[in-house]
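Q: For our numbering, add 219 to where a residue sits in the sequence shown, where the first one is 1. No residue lacks a Cβ here, since even glycine has one placed at the ideal position from N, Cα and C.
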Amino acid sequence: MVHRFDAIVVGGGGAGLYAALELSPHVNTAVISKLYPMRSHTGAALGGIGAALGNLGEDHWEWHMFDTVKGGDYLVDQNAAEIMCQEAVETVYQLEHMGLPFDRTPEGKIAQRPFGGHTRHYGKEPVRRSCYAADRTGHMILQTLYQQCIRNSVTFYDEYQVVDLLFSEGVCCGVVAICLETGEFHIFHAKAVLMATGGFGKMFKITSNAFTLTGEGVALCLNHGIPLEDMEFYQFHPTGIYKMGILITEAARGEGGILRNKDGERFMERYAPTLLDLAPRDMVSRFIHMEVREGRGIDGKDYVHLDLTHLPKDAVESKLAETCDLARTYLGVDPVTQPIPIQPTAHYAMGGIPTDVDGRVVRDEANTPVPGFYAAGECACVSVHGANRLGTNSLVDILVFGRRSGRHATGYIREADWPPLPEGPDASARQQFEAILSSTGGESVGAIRKELQEEMMDKVSVFRTGAGLEAMSRKIRELRDRYRKVQVRDKSKSYNTEMLEAWELGSLLDLAEVTTLAALERRESRGGHFREDFPERDDANFLKHSLVYRTEKGLELSHKPVTITRFQPQERKY
Ligand SMILES: Cc1cc2nc3c(=O)[nH]c(=O)nc-3n(C[C@H](O)[C@H](O)[C@H](O)COP(=O)(O)OP(=O)(O)OC[C@H]3O[C@@H](n4cnc5c(N)ncnc54)[C@H](O)[C@@H]3O)c2cc1C
């Protein structure tokens, strides 16, 4: 079945919905989402969205930009960060005008709370910059945007999974999707396609990410000749629930929560005397690991405590309602009276599909755009987060750049002719799924995925070494050989999740391979990428973005420069 829309948005999270909102008044727009949109991971975002409103103390977008650049360990493209921090302010007001129920100050302004790495006067002291709706900010963002999309008559294809991208003579002209209910293939012919498929934390065993974040949108780009940018930078959030990875939001520390080791010591005093528990995430995660390594984990184990017990009960219950629920449900711990056992958890992909500041996907070191092809949100790399993202900056990123790419695509669609569809548009996708269904190789999806996640957690997490990364490369080759023999038992058409998981595993293997290669080649430590064998940042050799291409010979690595405008690289102290 062939459908025709001016614009196809792949993904119904915050980035996709904001793009659709911009497109839909002007051009015929459809959102394709493998999940019902309200189930997108944006709905799990808790702590808030950063914008220099200055509602509770002086603040300026320049300070926000400085924090973003320094937080990203100077690998941030500063032209993009400037746009993001400026437009964050109007974006938050727009959400307010659309009806988002932000928490309020006593005078009725949008309330703001402190968050990691956000400061006033270029690093002097913490600032209140995170706008929030209790600890349900992402949920409220999704609700608000979805309502507006319905009002604009956006067409939604819910529970359709995109399994291939279509190009004709270098111009993007649509996608192929499977309808999960019927198992049928659908071809979507479009003048512009916008990828907003989110992150891929499921590469790792302990992660805050939903089961659905398997990265196929990013892997599809790689396999269609688009390089992936800065994939070695994967963020570990300091406070995941011990052993489970479920996130305890940074807002818990923003509201005054303290990290303590087995001696009850507030160990962040030793590492980051100014920002303490609100230092950037890459640092806090490293320091937790160091405490554990030096034998100061709780009961000698690999976790520490997040302590909220000194905070007023009412504040904890109201501003951190979801957090209380999570701790009570999953741990049987009441945060009002007991400390929460936490350990770092794989959380956020700084890298992804390279784009310019209008969301256009670029295909090389010279930033040449691919006509008709856009990406925004966590799947994209603009790059505003550089080597490490600050808390609250993803919601800003997805909305600011979702909106900008929607706008740019509208202009493009008005000018562009209809690109033809290639011959047999769904042939390649059909062939891949037929191969999965007919395989008799005997390998199980679950077993390969488990091994991949465990090994990635062990070798490509907070601390990395050359030897570990080489071992991971070998492991991925072995897992790939086994993946070729993967066999599924369910041969049915309707909601065949086993078949789809088998296919998604291929994307996880692709992205793990790219991440490992880029991490191996970056022989320095910067932001979320820490090499024990190269513990220093090395601006002389590595102040550059990495790009990994899939070629006929295998993966190839190259680089492109970082855009530096206002802030020259400095030492990173907090
Ligand atoms: C627990 C948690 C808490 C967080 N808290 C915060 C916070 O407080 N502040 C902050 O700034 N950031 C936070 N983040 C990060 C932030 O929420 C995410 O980076 C952001 O929401 C990603 O938005 P997105 O629109 O790019 O993708 P998502 O919201 O993940 O949406 C992805 C969409 O793509 C669709 N999709 C994917 N693949 C396909 C396919 N093949 N075919 C069709 N559809 C597909 C899915 O159906 C989904 O609709 C948090 C993240 C987590 C995990």
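Hey, is residue 549 close to ligand 1, as in C-beta under 8 Å from one of its heavy atoms?
A: Counting from one through the sequence shown, the residue named residue 549 turns up at place 330. Checking the Cβ of residue 549 against ligand 1 gives no.
Q: Considering only heavy atoms of ligand 1, does any lie closer than 8 Å to the CB of residue 621?
A: For the purposes of this step, residue 621 is taken as residue 402 along the sequence shown, with counting starting at 1. Yes, Cβ of residue 621 sits closer than 8 Å to a heavy atom of ligand 1.
Q: Would you report the Cα separation of residue 698 and residue 530, rounded to the nearest angstrom?
A: Here residue 698 is taken as the residue at index 479 of the sequence shown, counted from 1. Here residue 530 is taken as the residue at index 311 of the sequence shown, counted from 1. Whole-angstrom Cα-Cα distance: 48 Å.
Q: Can you give me the Cβ contacts of residue 371 inside the same chain, cut-off strictly under 7 Å, excluding the 5 residues immediately before and after it?
A: As a position in the sequence shown, residue 371 is number 152, starting the count at 1. In chain order, 240, 243, 244 place their CB closer than 7 Å to the CB of residue 371, counting only its own chain and leaving out the 5 sequence neighbours on each side.
Q: Taking DSSP as the reference, what is the three-state secondary structure of residue 421?
A: Along the sequence shown, one-based indexing puts residue 421 at 202. If DSSP states are grouped into helix, strand and coil, residue 421 belongs with the helices.
Q: Closer than 8 Å to a non-hydrogen atom of ligand 1 - does that hold for the CB of residue 256?
A: As a first step, residue 256 is located in the sequence shown; it is residue number 37 there, counting from the start. Yes - ligand 1 has a heavy atom lying nearer than 8 Å to the Cβ of residue 256.
Q: Leaving out five residues before and five after residue 712 in sequence, what residues of the same chain have Cβ atoms less than 8 Å from its Cβ?
A: Counting from one through the sequence shown, the residue named residue 712 turns up at place 493. Here the set comprises 401, 402, 403.
Q: Checking the sheet assignment: what are the DSSP bridge partners for residue 446?
A: As a position in the sequence shown, residue 446 is number 227, starting the count at 1. Answer is none; residue 446 lacks a bridge partner.
Q: Between the beta-carbon of residue 527 and the beta-carbon of residue 561, is there less than 9 Å?
A: For the purposes of this step, residue 527 is taken as residue 308 along the sequence shown, with counting starting at 1. For the purposes of this step, residue 561 is taken as residue 342 along the sequence shown, with counting starting at 1. Not closer than 9 Å, so no.
Q: Between 429, 518, 683, which lies nearest to residue 451 when the distance is taken from Cα to Cα?
A: On the sequence shown, residue 451 is found 232 positions in, with the first residue counted as 1. Among 429, 518, 683, the Cα nearest to that of residue 451 belongs to 683.
Q: Report yes if the CB atom of residue 234 is closer than 9 Å to the CB atom of residue 434, and no otherwise.
A: Residue 234 sits at position 15 when you count from the first residue of the sequence shown. Residue 434 sits at position 215 when you count from the first residue of the sequence shown. Result no, Cβ atoms of residue 234 and residue 434 do not sit closer than 9 Å.
Q: Based on Cα-Cα distance, which residue from 262, 349, 408, 589 lies nearest to residue 427?
A: Position 208 of the sequence shown, counted from the start, is the residue given in the question as residue 427. Measuring from the Cα of residue 427, the nearest candidate turns out to be 262.
Q: Are at least three pairs of beta-carbons, each pair with one atom in the region 686–701 and one in the region 730–742, less than 8 Å apart?
A: Between the region 686–701 and the region 730–742 there are three or more C-beta pairs closer than 8 Å, enough to call the two in contact.
Q: Using 8 Å as the Cβ pair cut-off and three pairs as the minimum, do the region 612–628 and the region 770–788 touch?
A: Contact fails: fewer than three Cβ-Cβ distances are below 8 Å.
Q: Using 8 Å for Cβ pairs, my map puts residue 247 next to residue 331. What's the rounded Cβ distance?
A: For the purposes of this step, residue 247 is identified with residue 28 of the sequence shown, where counting begins at 1. For the purposes of this step, residue 331 is identified with residue 112 of the sequence shown, where counting begins at 1. So it is not a contact: roughly 39 Å between Cβ atoms.
Q: In the DSSP assignment, find the unbroken beta strand (DSSP E) run with residue 463 in it and report its ends.
A: Against the sequence shown, residue 463 aligns to sequence position 244. From DSSP, residue 463 is part of no beta strand (DSSP E); its letter is neither H nor E.
Q: What are the start and end residues of the alpha helix (DSSP H) that includes residue 702?
A: Numbered from its first residue, the sequence shown carries residue 702 at position 483. Bounds of the alpha helix (DSSP H) holding residue 702 are 685–702.
Q: Just to confirm my understanding: we take residue 521, look at its own chain, exclude 5 residues before and 5 after, and list those with CB closer than 7 Å. What are they?
A: Here the question's residue 521 lines up with position 302 in the sequence shown. Closer than 7 Å at Cβ, skipping near neighbours: 511, 562.
Q: Closest by CA to residue 639, which one among 407, 320, 615?
A: Residue numbering aside, residue 639 sits at position 420 when the sequence shown is read from its first letter. Of the candidates 407, 320, 615, the one whose C-alpha sits nearest the C-alpha of residue 639 is 407.
Q: Between residue 611 and residue 297, how many whole angstroms is the CB-CB distance? I'm expecting something under 8 Å.
A: Along the sequence shown, one-based indexing puts residue 611 at 392. Along the sequence shown, one-based indexing puts residue 297 at 78. At roughly 19 Å, the Cβ-Cβ gap does not stay under 8 Å, so residue 611 and residue 297 are not in contact.
Q: Taking the runs of the alpha helix (DSSP H) that are 4 residues or longer, which of them lie wholly in the region 248–336?
A: 280–290, 297–317
Q: Using a 10 Å radius around the Cβ and a threshold of 16 neighbouring Cβ atoms, would you call residue 316 buried or exposed?
A: In the sequence shown, residue 316 corresponds to position 97, counting from 1. So residue 316 counts as exposed.
Q: Is any heavy atom of ligand 1 found at a distance shorter than 8 Å from the C-beta of residue 304?
A: Within the sequence shown, the letter at position 85 stands for residue 304. No, since every heavy atom of ligand 1 falls outside the 8 Å radius drawn around the Cβ of residue 304.
Q: Measure how close the beta-carbons of residue 497 and residue 354 come, nearest whole angstrom, since I'm counting them as under 8 Å.
A: By one-based count along the sequence shown, residue 497 stands at place 278. By one-based count along the sequence shown, residue 354 stands at place 135. Contact flag wrong, Cβ pair sits at about 16 Å.
Q: Helix, strand or coil, according to DSSP, for residue 478 in the structure here?
A: As a working mapping, residue 478 is identified with position 259 in the sequence shown. In this structure, residue 478 counts as strand in the three-state DSSP scheme.
Q: For ligand 1, is there a heavy atom less than 8 Å away from the beta-carbon of residue 287?
A: Counting from 1 along the sequence shown, the entry for residue 287 is found at position 68. Incorrect: residue 287 has no Cβ contact closer than 8 Å to ligand 1.
Q: In terms of residue numbering, what span does the beta strand (DSSP E) encompassing residue 227 cover?
A: Stepping through the sequence shown from its first residue, residue 227 is reached at position 8. Element bounds for residue 227: 221–229.
Q: Using 8 Å as the cut-off, classify the Cβ of residue 801 as near or not near the heavy atoms of ligand 1, replying yes or no.
A: Only positions 220 to 793 of the chain appear in the structure, and residue 801 is not among them; the question remains open.
Q: Measuring only from the beta carbon, is residue 746 closer than 8 Å to any heavy atom that is part of ligand 1?
A: By 1-based counting over the sequence shown, the position of residue 746 is 527. Answer for residue 746: no, Cβ out of range of ligand 1.
Q: Using only the heavy atoms of ligand 1, determine whether one of them is closer than 8 Å to the beta carbon of residue 469.
A: One-based indexing of the sequence shown puts residue 469 at position 250. Within the cutoff, so yes.
Q: Could you tell me whether any non-hydrogen atom of ligand 2 is closer than 8 Å to the CB of residue 458?
A: Because ligand 2 does not appear in the structure shown, any question about it cannot be addressed here, the ligands present being ligand 1.
Q: Whole angstroms are fine: how far does the CA of residue 724 sit from the CA of residue 668?
A: The residue labelled residue 668 in the question sits at position 449 within the sequence shown. The residue labelled residue 724 in the question sits at position 505 within the sequence shown. When rounded, the distance between both Cα atoms is 7 Å.
Q: Is it the case that the CB of residue 625 approaches a heavy atom of ligand 1 more closely than 8 Å?
A: To locate residue 625, count along the sequence shown from 1; it is residue 406. For ligand 1, not one heavy atom lies less than 8 Å from the Cβ of residue 625.
Q: Any idea what DSSP makes of residue 579, helix, strand or coil?
A: Mapped onto the sequence shown, residue 579 falls at position 360. Strand, per DSSP.
Q: In the DSSP output, what is residue 779 paired with across the bridge?
A: Sequence index remark: in the sequence shown, residue 779 carries index 560 (1-based). In the DSSP assignment, the residues bridged to residue 779 are 764.
Q: Let me know the secondary structure DSSP gives residue 537 once reduced to three states.
A: Residue mapping note: residue 537 aligns to position 318 of the sequence shown, counting from 1. Residue 537 falls in the helix class under three-state DSSP.
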